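A.B. asks:
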Amino acid sequence: MKRSKTMELGVGLFMLAGILGLVFLGLRVSGLSMQAPSDTFRLEANFANIGGLKTRARVTMAGVTVGRVAAIELDTDWYDARVVLELDDELEGQLSRDTTAAILTSGLLGEQYVGLSVGGDPETLADGDTLRDTQSALVLEELIQQFVSNMVSD
Amino acid sequence: MIQRIRRLGHRGCDLLESFGRAGIFLAQSAVGLPSREGLYLWVRQMHFVGVLSLAIVLVSGLFIGMVLSLQGYTILVDFGAEDALGQMVALSLLRELAPVVAALLFAGRAGSALTAEIGLMKATEQLTSMEMIGVDPLRRVVAPRLWAGFVALPLLTVGFGVVGIYGGYLVGVDWLGVFEGSYWSNMQASVDFVDDVGNGIIKSLVFAVVVTWIAVFQGYDLVPTSEGISRATTRTVVYSSLAVLGLDFVLTAVMFGGLA
Amino acid sequence: MFDNFTGMAEPMSDTPFVAVEGLHFARGDKEIFRGVDMTIQRGAITAIMGPSGSGKTTLLKLIGGQLLPDAGRVLIEGQDVHRQSRKALFAMRQRMGMLFQSGALFSDLSVFENVAFPLRVHTDLPGTMVRDLVLMKLEAVGLRGARELMPAELSGGMARRVALARAIALDPELILYDEPFVGQDPISMGVLVQLIKRLNQALGLTSIVVSHDIKETLTIADYVYVIADGQVMAHGTPKSLDVDQDPRVSQFVHGEPDGPVPFHYPAVDFVSDMLSPGGPR
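Line order of the protein sequences matches chains P, X and A. Just so we're aligned: the first sequence equals residues 0 to 153 in numbering that gives the first Met the number 0. Just so we're aligned: the second sequence equals residues 0 to 259 in numbering that gives the first Met the number 0. Just so we're aligned: the third sequence equals residues 0 to 280 in numbering that gives the first Met the number 0.
1) Here's the rule: buried if 16 or more other CB atoms are within 10 angstroms of the residue's CB, otherwise exposed. What is residue 339 of chain X?
2) Compile a chain-ordered list of the residues in the stretch 127–147 of chain X whose CB is closer than 8 Å to at least one CB of chain A.
3) Is the stretch 159–170 of chain A close to the stretch 115–128 of chain A, with three or more CB pairs under 8 Å?
4) If we define contact as Cβ-Cβ less than 8 Å, is residue 93 of chain A a contact residue for chain X?
5) If you run the structure through DSSP and keep just helix, strand and coil, what is residue 272 of chain A?
6) Under 8 Å between beta-carbons, which chain P residues line up against residue 43 of chain X? List them in chain order, please.
7) Output, in chain order, the set of chain P residues within a Cβ distance shorter than 7 Å of residue 50 of chain X.
8) Taking 8 Å as the CB-CB limit, is residue 65 of chain A close to chain X?
9) For residue 28 of chain P and chain X, any beta-carbon pair shorter than 8 Å?
10) Kindly give me the distance between the Cβ atoms of residue 151 of chain X and residue 48 of chain X, rounded to whole angstroms, as I take these residues to be in contact under 8 Å.
11) Can you tell me which of the three DSSP states residue 40 of chain P falls into?
12) Give me the Cα-Cα distance between residue 84 of chain P and residue 127 of chain P, rounded to the nearest whole angstrom.
13) Could you tell me the boundaries of the alpha helix (DSSP H) in which residue 165 of chain X lies?
14) Am I right that residue 19 of chain A and residue 48 of chain A are in contact with their C-beta atoms under 8 Å? What's the rounded C-beta distance?
15) Is the Cβ of residue 89 of chain X closer than 8 Å to any Cβ of chain P?
16) What are the start and end residues of the beta strand (DSSP E) that includes residue 81 of chain P?
17) Beta carbons nearer than 8 Å to chain A: which residues of the stretch 101–127 of chain X have them?
18) Please return the same chain residues whose Cβ sits closer than 6 Å to the Cβ of residue 70 of chain A, not counting the five positions on each side in sequence.
19) Taking Cβ positions only, does residue 71 of chain X come closer than 8 Å to chain P?
20) For residue 208 of chain X, which residues of its own chain have a beta-carbon under 7 Å away from its beta-carbon, when the five flanking residues on both sides are left out?
21) Look at the alpha carbon of residue 136 of chain A and the alpha carbon of residue 269 of chain A, and state the distance between them as a whole number of angstroms.
22) Going along chain X in order, which residues have a C-beta closer than 9 Å to the C-beta of residue 68 of chain A?
23) Less than 8 Å between the C-beta atoms of residue 90 of chain X and residue 166 of chain X, yes or no?
24) Let me confirm a value: residue 146 of chain X is counted as buried when at least 16 other C-beta atoms fall within 10 Å, else exposed. Which label applies?
25) Which residues in chain X have a C-beta closer than 7 Å to the C-beta of residue 50 of chain P? List them in chain order.
26) Could you check how far apart the C-beta atoms of residue 65 of chain A and residue 178 of chain A are, in whole angstroms? I think they sit under 8 Å.
27) Please state the DSSP three-state secondary structure of residue 29 of chain P.
28) Classify residue 29 of chain A as helix, strand or coil using the three-state DSSP reduction.
29) Thinking C-alpha only, which one of X/119, X/19, X/142, X/82 is nearest residue 32 of chain X?
30) Spatial neighbours of residue 4 of chain X within its chain, please: CB distance less than 6 Å, with the 5 preceding and 5 following residues excluded, ordered by chain position.
31) Kindly indicate which three-state DSSP category residue 124 of chain A falls into: helix, strand or coil?
32) How many Å lie between residue 28 of chain X and residue 105 of chain X at the Cα?
33) With residue 210 of chain A as the anchor, note down where its beta strand (DSSP E) starts and where it stops.
34) Who does residue 20 of chain A pair with in a DSSP beta bridge?
35) Any C-beta of chain X sitting closer than 8 Å to the C-beta of residue 23 of chain P?
36) Taking the alpha-carbon positions, what's the residue 250 of chain A to residue 240 of chain A distance?
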């Protein structure tokens, strides 16, 4: 059977372009990095209210992304939200015991994320420890309610 | 009255029967190990349904990306949120527009051609004579076309998405003056490879199977006359467009609507 | 592939090569065959004739195993065609060649590749041998020079000759011709008539020719079946049919326009139809 070289080349280029396109979508559009996913360690934090926080949300420290939210569940002992954080391995043994976690919002209407800030305790957190000092999400309705009741009481 | 009900039942049975035939047809032709010869036939069909559809798909992708960017900008700028343009363009393209529009274009460009080609082979007795030579036309004629469609459409969808995002970039950044960094970084922050790119590709795989299946079956099952071929070609485009849009709703509900 | 020659060397046996027994076939509500019996002798050219629409092509498809009869059976060398597994049926078809009305050449392959197609599919012969065999077959139909042409570039008669070359590529024992003379000019008709006769003698084939071109068919046939109304109306050698007294047979064989097979499609009486009051129709 006569095989057309140009046709085979065309099909090869087509498939190559498709695969390259997929790589482009991976790297440039969804921001995957080529390096293997680094090892992580887990911390837990209980919040009275998580607002609109979702799993896979960012965890930042001084604005730098250092991990993501791995799981959110209801803690039935205290009836608050237990949030499991997955943090970069290199931070293990670096965070002081009184590190605080807060649920913050990027911009006025942006998505919510967890911000960590370190304290001054010489003892450090290990894998599986729980953050004691947390700050819940700001819920707009509650803020407005407070504002209105302050106005009334004034 | 009873006559009418009987006719309705007759229609229903006909419909079920054709579904059954189409299912058996797919099972008999798509399943099986390819030979070396089959691989070559597949490459030829890849050229036919894939490479030759590339131009129309890419040009459409470019324009759709540009329009999305333009429309999105005018809406977002009212909220002072034009930085989220990249996110909007990328998510609408990857989740929705690339799989659906590429599949519709594919049905019009490659699907109708497949129906007409196989129909013509049937009308000129090429399929029958192949059977008489002792070659199964399902494996020789149908299988390479099916598999070429299955592979080509997801690749075309990726191309559509990439070109569309670039088109959005051209309009948004080069023309409307959105800051380049925020176009890309907002996109990267919000697009998830598995959830968005992956689901888009799963959609396009489903569409590829459905569109190619409809096209090839319509060609194989048609009445072998000139009128039959033209009607089957029309049916291919109508049925596969409807199937793509209907399935898109179902898939979106399962993937992004929290039904899963 | 050379196994196919074994049948040829044997002396002609009494069992017919192809036997059709009590064949019934209906398409929808229309009965096409109502009990057809035929025997086709090895090495002979058997013609099956009948008016258009009498189901001649359907009969070939039944013999080739592409259609399933409602009752009755078709035996090839004693084996029931319709009781074979798909695999056995395809093996059986390798020993048959069929020439289709339209030629049915594969439109995406050149003339050479069309003739080579059965060889490539069914044999593992090296390329040079395939080439030699293809050129031999093309030479036999006089189209060796046209091997690089595509089917679209061929005239109707040439396409049919290429199709004939393809049908004999695997040296079959049985060839089925479906209306080989339809729509041919007198020259290519004469060429085809000669080819069918010559190939039958030279290759020791058994041929079944389905046609309604009486003159051409009668010159080459050894035995003739005439079918009409779903049954065998007459059969015999061309000579015996020529003098047959049955009015239906003689109308067909001598090509008279009106007779037992009416010229007019059934209608009400002409005069009363003309005089009836009514609309534009």
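Ideal placement from N, C-alpha and C gives every residue a C-beta, glycine not left out. Here the structure is a predicted model, which is why all the values come from computation and not from measurement.
C.D. replies: Per the coordinate set shown:
1) Examination of residue 339 of chain X is not possible in this model, given that chain X is present from 0 through 259 alone.
2) 127, 128, 129, 130, 131, 132, 133, 134, 135
3) yes
4) Within the third sequence, the letter at position 94 stands for residue 93 of chain A. Residue 93 of chain A counts as touching chain X.
5) Counting from one through the third sequence, the residue named residue 272 of chain A turns up at place 273. Here residue 272 of chain A sits in helix by DSSP.
6) Within the second sequence, the letter at position 44 stands for residue 43 of chain X. Simply 6.
7) For the purposes of this step, residue 50 of chain X is taken as residue 51 along the second sequence, with counting starting at 1. By Cβ distance, chain P contributes 9, 10, 13.
8) For this step, residue 65 of chain A is matched to residue 66 along the third sequence. It does: the Cβ of residue 65 of chain A has a partner Cβ on chain X nearer than 8 Å.
9) Within the first sequence, numbered from 1, the residue matching residue 28 of chain P stands at position 29. Judged by the 8 Å Cβ criterion, residue 28 of chain P is in contact with chain X.
10) Within the second sequence, residue 151 of chain X is the residue found at index 152, counting from 1. Within the second sequence, residue 48 of chain X is the residue found at index 49, counting from 1. About 5 Å; that satisfies the 8 Å criterion.
11) Here residue 40 of chain P refers to the residue found at position 41 of the first sequence. Here residue 40 of chain P sits in strand by DSSP.
12) Residue mapping note: residue 84 of chain P aligns to position 85 of the first sequence, counting from 1. Residue mapping note: residue 127 of chain P aligns to position 128 of the first sequence, counting from 1. Residue 84 of chain P and residue 127 of chain P: Cα-Cα distance of roughly 10 Å.
13) By one-based count along the second sequence, residue 165 of chain X stands at place 166. That run of the alpha helix (DSSP H) goes 142–168.
14) Working through the third sequence from its first residue, we reach residue 19 of chain A at position 20. Working through the third sequence from its first residue, we reach residue 48 of chain A at position 49. Between residue 48 of chain A and residue 19 of chain A the Cβ distance is about 15 Å, and since that is not below 8 Å, they are no contact.
15) Position 90 of the second sequence holds residue 89 of chain X. Residue 89 of chain X counts as touching chain P.
16) On the first sequence, residue 81 of chain P is found 82 positions in, with the first residue counted as 1. Element bounds for residue 81 of chain P: 79–87.
17) 119, 120, 123, 124, 125, 127
18) By one-based count along the third sequence, residue 70 of chain A stands at place 71. Same-chain partners within the cutoff: 23.
19) For this step, residue 71 of chain X is matched to residue 72 along the second sequence. By this cut-off, residue 71 of chain X is not an interface position.
20) Reading the second sequence from its first residue, position 209 is the one you call residue 208 of chain X. If we look at residue 208 of chain X and ignore the five residues flanking it on each side, its Cβ neighbours are 149.
21) Residue 136 of chain A sits at position 137 when you count from the first residue of the third sequence. Residue 269 of chain A sits at position 270 when you count from the first residue of the third sequence. Their Cα atoms are separated by approximately 56 Å.
22) On the third sequence, position 69 is the one that residue 68 of chain A refers to. Correct list: empty, because the minimum Cβ distance to chain X is about 17 Å.
23) Taking the second sequence and counting its residues from 1, one reaches residue 90 of chain X at position 91. Taking the second sequence and counting its residues from 1, one reaches residue 166 of chain X at position 167. No, Cβ-Cβ distance for residue 90 of chain X and residue 166 of chain X is not below 8 Å.
24) Reading the second sequence from its first residue, position 147 is the one you call residue 146 of chain X. By the neighbour-count rule (16 or more Cβ atoms within 10 Å), residue 146 of chain X is buried.
25) Residue mapping note: residue 50 of chain P aligns to position 51 of the first sequence, counting from 1. Result: empty, since nearest Cβ-Cβ is about 18 Å, beyond 7 Å.
26) Along the third sequence, read from residue 1 onward, the residue named residue 65 of chain A stands at position 66. Along the third sequence, read from residue 1 onward, the residue named residue 178 of chain A stands at position 179. Wrong, their Cβ atoms sit about 16 Å apart, outside the cutoff.
27) Along the first sequence, read from residue 1 onward, the residue named residue 29 of chain P stands at position 30. Coil.
28) Sequence index remark: in the third sequence, residue 29 of chain A carries index 30 (1-based). Residue 29 of chain A: strand per DSSP, three-state reduction.
29) In the second sequence, counting from the first residue as 1, residue 32 of chain X sits at position 33. Answer by Cα proximity: X/142.
30) In the second sequence, counting from the first residue as 1, residue 4 of chain X sits at position 5. Contacts found: none.
31) Taking the third sequence and counting its residues from 1, the one referred to as residue 124 of chain A is at position 125. Three-state DSSP puts residue 124 of chain A in coil, outside helix and strand.
32) Taking the first residue of the second sequence as position 1, residue 28 of chain X is located at position 29. Taking the first residue of the second sequence as position 1, residue 105 of chain X is located at position 106. The alpha-carbon atoms of residue 28 of chain X and residue 105 of chain X are separated by roughly 21 Å.
33) Along the third sequence, one-based indexing puts residue 210 of chain A at 211. That run of the beta strand (DSSP E) goes 205–210.
34) In the third sequence, the residue the question calls residue 20 of chain A occupies position 21. Residue 20 of chain A is bridged to A/72.
35) Reading the first sequence from its first residue, position 24 is the one you call residue 23 of chain P. With 8 Å as the cut-off, residue 23 of chain P counts as an interface residue toward chain X.
36) Translated into positions along the third sequence, residue 250 of chain A becomes position 251. Translated into positions along the third sequence, residue 240 of chain A becomes position 241. About 11 Å.
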